[in-house]
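Asker: Residue numbers (full-length UniProt numbering): 1 to 421. Note that beta-carbon positions come from the ideal geometry of N, C-alpha and C, so glycine has one too. Since this is a predicted model, take the numbers as computed values, not measurements.
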Ligand SMILES: Nc1ncnc2c1ncn2[C@@H]1O[C@H](COP(=O)(O)OP(=O)(O)O)[C@@H](O)[C@H]1O
Ligand SMILES: O=C(O)[C@@H](O)C(=O)COP(=O)(O)O
């Protein structure tokens, strides 16, 4: 099928979040891990390419997203979506703006929108300020993120240093007046030379208005939730026809494992809740740097196949800071990511077939290590976190890639219960 919407996500949890939300419509969504090396085949109306470029230097992120764009264009897409985090995670030298400008240039368009709001997960935007629950972003636990600490809540201020062209706002009062008022505001801003428009959204109704107003823009950018209404809107426009596709779950072997490299406040609660009943092993970047991974690998190898072990590096902000001071931010992250990646391979080789993975960068490392190229989207466990299915080393496996802050405290057991373990 010709692709209608081509999506590029800056990390793997973000990509599965987006694919899950688009998939709520019932339309087929393909989730590709990295830009495929071969020309498009078996394409779906909605194609999502997962990259691992959230913390990459802008030049590298631009090169990777442009390659993804060109593959998606070959697949027939004429509308595109650049997906970043609902907490707008980016480093000081952030690449959200540079990527958007490069994609806009390739698509020959002079305006795009920015809407990371995700009301079901408590992210809302008012007067250009992003809130996490009731807290401004910079006062939320995101201020302590190990790789992308967010110390400003104002999206225009965060974005402006990342772009060459001017940034503006379409505020909630405008969105509340409906999609035509929003289209007219966007046109006025375009007349003033505003290329990058942050749009306020507090509810799913706001997101519907925004999606309706912007559905024919060559490029939209945001969190997953503003893309969610697009399939139904395209169906109303006659671009795609209704589908009756049902999700199928492959028959899987029983063994499971939980791997967590996320240090978000919600993941810390999830790890604490699961550790009350699970057999656990805590990784420390400092111990890994000094002694290597063998002890953890031996521990995993000696677990009963029926037990569901949890291996985690998840730690409180102070412990993370200590490790980063000794090893450097990048090195501390890399040590943990490559340890969890190796342990995922071991788990698969021991016959474990269900993987609950917490953390975006962590998921990227695990999925790459398992040599996966494509994921099929299954049922959602929590908003923005579906089960996904694929093959690794000739075996059917299930993976759920949990964004740091998503899911309830009971997420790990919720996930396993959903697959009937
Ligand atoms: N104890 C720790 N000390 C330092 N860095 C850590 C520790 N545990 C995990 N990390 C790193 O923190 C980063 C967490 O990012 P990520 O996996 O994207 O989680 P999230 O989804 O919460 O953003 C990863 O690079 C991970 O390797
Ligand atoms: O939009 C979101 O919040 C997620 O889809 C996402 O990108 C989360 O990234 P991580 O918190 O790094 O898992």
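Given residue 119, which residues of its chain have a CB within under 6 angstroms of its CB, disregarding the five upstream and five downstream residues?
Answerer: 203 and 204
Asker: Count Cβ pairs between the stretch 309-319 and the stretch 250-268 that sit closer than 8 angstroms; are there 3 or more?
Answerer: Contact check between the stretch 309-319 and the stretch 250-268: three or more CB pairs, one atom from each, fall below 8 angstroms, which counts as touching.
Asker: Can the beta-carbon of residue 412 be found less than 8 angstroms from the beta-carbon of residue 270?
Answerer: yes
Asker: What residue range is occupied by the uninterrupted alpha helix (DSSP H) comprising residue 187?
Answerer: 179-191
Asker: To test your reading of the DSSP string, which unbroken alpha helix (DSSP H) runs of 4 or more residues are found completely within the stretch 134-178?
Answerer: 155-159 and 172-176
Asker: With a CB to CB cut of under 6 angstroms and the five nearest residues on each side skipped, what residues in its chain are close to residue 341?
Answerer: 365, 366 and 369
Asker: Do you know whose CA, among 305, 184 and 361, lies nearest residue 264's CA?
Answerer: 361
Asker: Taking one C-beta from the stretch 13-20 and one from the stretch 83-90 each time, how about it: are there three or more such pairs within less than 8 angstroms?
Answerer: yes
Asker: Please indicate yes or no: does the CB of residue 409 lie closer than 7 angstroms to some heavy atom of ligand 1?
Answerer: Set against 7 angstroms, the gap from the CB of residue 409 to the closest heavy atom of ligand 1 is not smaller.
Asker: If you run the structure through DSSP and keep just helix, strand and coil, what is residue 282?
Answerer: Residue 282 falls in the strand class under three-state DSSP.
Asker: At a cut-off of 7 angstroms, is residue 360 close to ligand 1 when judged by its beta-carbon and the heavy atoms of the ligand?
Answerer: yes
Asker: Between which residues of its own chain and residue 239 is the CB-CB distance below 6 angstroms, once the five residues before and five after are set aside?
Answerer: 4
Asker: Could you have a look at residue 97 and say whether DSSP puts it in helix, strand or coil?
Answerer: helix
Asker: Counting along the chain, where does the alpha helix (DSSP H) carrying residue 51 start and finish?
Answerer: Neither: residue 51 is in no alpha helix (DSSP H) and is coded neither H nor E.
Asker: Just checking my contact of residue 80 with residue 103 at CB under 8 angstroms: how many whole Å lie between their CB atoms?
Answerer: Contact between residue 80 and residue 103 is confirmed by a C-beta separation of about 7 angstroms, below the 8 angstroms threshold.
Asker: Please report the straight-line C-alpha distance between residue 425 and residue 10, rounded to a whole angstrom.
Answerer: In the structure as shown, the chain starts at 1 and stops at 421, and residue 425 therefore has no counterpart that could be examined.
Asker: For residue 178, verify whether its CB is less than 7 angstroms away from any heavy atom of ligand 1.
Answerer: Answer for residue 178: no, Cβ out of range of ligand 1.
Asker: Tell me the rounded alpha-carbon separation between residue 267 and residue 403.
Answerer: Going by the C-alpha atoms only, they are around 9 angstroms apart.
Asker: Output the residue ranges of the beta strand (DSSP E) runs that lie fully inside the stretch 346-409 and measure 3 residues or longer, sorted by chain position.
Answerer: Fully enclosed beta strand (DSSP E) runs of 3 or longer: 354-358, 374-382, 385-392 and 395-402.
Asker: Is it buried or exposed, residue 196, if we count other Cβ atoms within 10 angstroms and call 16 or more buried?
Answerer: buried
Asker: Report the rounded CA-to-CA distance for residue 372 versus residue 49, giving the unit in angstroms.
Answerer: 13 angstroms
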